Amino acid sequence: MNGPHIGVFDSGFGGLTVLRALLPLIPEARYTYLGDTARLPYGAKSRQTIARYAVSSAKFLEDQGAEMLVIACNTASALAMDELKASTTLPVLGVIEPGAEAAAAATSNSVLVLATQATVQSHAYLHALHKLGLQATEKACPLLVPLVEEGWIDHTVTEQVARIYLTEALDEAHAAGLTPGTALLGCTHYPLLRPLFTRLLAEMNPTPVTVIDSAETTAHKAAAMFPLSQPAIQSSFQLEFYATDSTQKFQALGSRFLGQPLPEVKLLDLGG
Ligand code: DGL
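Here our numbering is used: position 259 in the sequence shown is 276, and no number is missing along the way.
Okay, structure coming up:
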């Protein structure tokens, strides 16, 4: 196999959903994935800190020989894209525009963006959706990342928390005169809660709401940069994983996001 070397970066293992979508589209690529788990959550940090962490992570991937960077982290894509692009000559693809495009393909109604505090405060999704002619409201759901990190995917506490966030989010959208047709999961961890969001929104909203995330669209955008890629026929891929905190936890929880067991995960120290 002689494909491109793609560096995939997230603050943790949620970005593995993007890698999962990339694998069948660019099967011949070599992938190096970095989860900056020691410094997660990015979503509660300032723009400067997020940019510093993201740039040091991207530099590591470039040093490993990556020829392209996929920023699978919504928070880093929303707040650090300028710094990331300024720090490297490699092509850098984030998840915000692909996520907004996925929403535009799914709805002509308004969009409900669910994301981390930092992503919501940046209004990156709002601006990207406005550019595509869509109206949107945004809701920060900060408690969901630690719940997913804990593996509480089907837990009643997670359901209660999600219900509270969605009630507030729908109330805010309705108060703004909007009727969301799509919920955009603007955080790497939320796709694991997609069945829960889908069920709750069907219960809570009088009209149907399509739940989407940016993983698939981001992967298709990346694939478009390598037009010679063939559909996957092999079952093994060239994968290398790095985490900045417990590799055991990364391996155990990461398999849920990747949809297959992870091989060895190497420990990396990027400092503070
Ligand atoms: N990866 C982050 C995102 O997609 C979620 C986890 C974090 O806050 O670091 O926004």
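Just so you know, even glycine gets a beta-carbon here, dropped at the ideal spot from N, CA and C.
Model, not experiment: these values are computed from the prediction.
- [ ] Compute the beta-carbon to beta-carbon distance between residue 86 and residue 64, rounded to the nearest angstrom, for a pair I have assumed lies under 8 angstroms.
- [x] For this step, residue 86 is matched to residue 69 along the sequence shown. For this step, residue 64 is matched to residue 47 along the sequence shown. Wrong, their Cβ atoms sit about 19 angstroms apart, outside the cutoff.
TODO: Under 8 angstroms by Cβ, that's how I've got residue 112 and residue 199 pegged, so tell me the actual separation to the nearest angstrom.
DONE: Stepping through the sequence shown from its first residue, residue 112 is reached at position 95. Stepping through the sequence shown from its first residue, residue 199 is reached at position 182. No, residue 112 and residue 199 are not in contact; Cβ-Cβ is about 16 angstroms, not under 8 angstroms.
TODO: Return the CA-CA distance between residue 50 and residue 205, expressed in angstroms with no decimal places.
DONE: Taking the sequence shown and counting its residues from 1, one reaches residue 50 at position 33. Taking the sequence shown and counting its residues from 1, one reaches residue 205 at position 188. The straight-line gap from Cα to Cα measures roughly 14 angstroms.
- [ ] Using 7 angstroms as the cut-off, classify the Cβ of residue 59 as near or not near the heavy atoms of the ligand DGL, replying yes or no.
- [x] As a working note, residue 59 is residue 42 in the sequence shown. Yes, the beta carbon of residue 59 sits closer than 7 angstroms to at least one heavy atom of the ligand DGL.
Open item on the list: For the alpha helix (DSSP H) containing residue 237, name the first residue and the last one.
Closed with: Stepping through the sequence shown from its first residue, residue 237 is reached at position 220. Note, residue 237: alpha helix (DSSP H), 232–241.
Open item on the list: At a threshold of 7 angstroms, does residue 228 count as lining the ligand DGL (C-beta to nearest heavy atom)?
Closed with: Mapped onto the sequence shown, residue 228 falls at position 211. Residue 228 Cβ: outside cutoff for every heavy atom of the ligand DGL.
Task: Enclosing alpha helix (DSSP H) for residue 218 [first to last residue] - done: Taking the first residue of the sequence shown as 1, we reach residue 218 at position 201. 211–221 is the span of the alpha helix (DSSP H), which, as asked, contains residue 218.
Open item on the list: Measuring alpha carbon to alpha carbon, tell me which residue in 103, 74, 137 is nearest residue 89.
Closed with: Looking up residue 89 in the sequence shown gives position 72. When each option's Cα is compared against that of residue 89, the closest is 74.
- [ ] Could you check if residue 114 is buried or exposed, using at least 16 other CB atoms within 10 Å of its CB as the buried criterion?
- [x] Translated into the one-based positions of the sequence shown, residue 114 becomes position 97. Classification of residue 114: buried, given that the 10 Å Cβ count is 16 or more.
- [ ] Out of 28, 52, 21, state which residue places its alpha-carbon closest to the alpha-carbon of residue 39.
- [x] Residue 39 sits at position 22 when you count from the first residue of the sequence shown. Ranking the options by Cα distance to residue 39, first place goes to 21.
Task: Neighbourhood of residue 264 by C-beta distance below 6 angstroms, restricted to the same chain and skipping five residues each side - done: Sequence index remark: in the sequence shown, residue 264 carries index 247 (1-based). For residue 264, where only same-chain residues beyond five positions count, the Cβ hits under 6 angstroms are 282, 284.
- [ ] Go to residue 88, then tell me how far its beta strand (DSSP E) extends in each direction, as first and last residue.
- [x] The residue labelled residue 88 in the question sits at position 71 within the sequence shown. Its beta strand (DSSP E) spans residues 85–88.
Open item on the list: Helix, strand or coil for residue 74? Go by DSSP, reduced to three states.
Closed with: Counted from its first residue, the sequence shown places residue 74 at position 57. Residue 74: helix per DSSP, three-state reduction.
- [ ] Could you tell me which residues DSSP pairs with residue 292 in its beta bridges?
- [x] Since the first residue shown for the chain is 18 and the last is 289, residue 292 is missing from the structure and cannot be characterised.
Task: Best match in 46, 155, 60, 286 for proximity to residue 201 [C-alpha to C-alpha] - done: In the sequence shown, residue 201 corresponds to position 184, counting from 1. Closest by alpha carbon: 155.
Open item on the list: Quick check: what's the CA-CA separation for residue 296 versus residue 280?
Closed with: Not covered by the structure: residue 296. The range shown for the chain is 18 to 289.
Task: Beta-bridge pairing of residue 155 - partner residues as DSSP gives them - done: By 1-based counting over the sequence shown, the position of residue 155 is 138. BP columns for residue 155 point to 130.
Task: Cutoff 6 angstroms; reference residue 34; Cβ partners in own chain excluding five residues on either side - done: Along the sequence shown, one-based indexing puts residue 34 at 17. Excluding residues within five positions, the ones whose Cβ falls inside 6 angstroms are 208, 232, 274.
Open item on the list: Using 8 angstroms as the threshold, is the C-beta distance between residue 190 and residue 217 below it?
Closed with: The count along the sequence shown starts at 1 and reaches residue 190 at position 173. The count along the sequence shown starts at 1 and reaches residue 217 at position 200. Taking 8 angstroms as the Cβ cut-off, residue 190 and residue 217 do not qualify as a contacting pair.
Task: Where residue 30 sits in the DSSP three-state scheme - done: As a first step, residue 30 must be located in the sequence shown, where it is residue number 13. Residue 30: coil per DSSP, three-state reduction.
TODO: Tell me whether residue 219 is buried or exposed, calling it buried when 16 or more other Cβ atoms sit within 10 Å of its Cβ.
DONE: On the sequence shown, position 202 is the one that residue 219 refers to. Label assigned to residue 219: exposed.
TODO: Would you give the residue range spanned by the beta strand (DSSP E) that residue 199 belongs to?
DONE: Along the sequence shown, one-based indexing puts residue 199 at 182. It spans 197–203 - the beta strand (DSSP E) in which residue 199 sits, taken as one unbroken run.
Open item on the list: Do residue 230 and residue 116 have their beta-carbon atoms positioned less than 8 angstroms apart in this structure?
Closed with: As a working note, residue 116 is residue 99 in the sequence shown. As a working note, residue 230 is residue 213 in the sequence shown. Yes, the pair counts as a contact, with Cβ atoms nearer than the cut-off.
Open item on the list: Can you give me the C-alpha to C-alpha distance between residue 278 and residue 168, rounded to a whole angstrom?
Closed with: Position 261 of the sequence shown, counted from the first residue, corresponds to residue 278. Position 151 of the sequence shown, counted from the first residue, corresponds to residue 168. When rounded, the distance between both Cα atoms is 16 angstroms.
- [ ] Could you spell out where the alpha helix (DSSP H) holding residue 272 opens and where it closes?
- [x] By 1-based counting over the sequence shown, the position of residue 272 is 255. Residues 264–275.
- [ ] Output the boundary residues of the alpha helix (DSSP H) element that contains residue 164.
- [x] Counting from 1 along the sequence shown, the entry for residue 164 is found at position 147. Per DSSP, residue 164 belongs to the alpha helix (DSSP H) from 161–166.
Task: Reduced DSSP secondary structure (H/G/I, E/B, other) of residue 226 - done: Working through the sequence shown from its first residue, we reach residue 226 at position 209. Coil at residue 226, not helix or strand.
Task: CB contact flag (residue 48, residue 59, <8 angstroms) - done: As a position in the sequence shown, residue 48 is number 31, starting the count at 1. As a position in the sequence shown, residue 59 is number 42, starting the count at 1. No, Cβ-Cβ distance for residue 48 and residue 59 is not below 8 angstroms.
Open item on the list: Which residue wins for smallest C-alpha separation from residue 119, given the options 255, 238, 267?
Closed with: For the purposes of this step, residue 119 is taken as residue 102 along the sequence shown, with counting starting at 1. Of 255, 238, 267, the residue nearest in Cα terms is 238.
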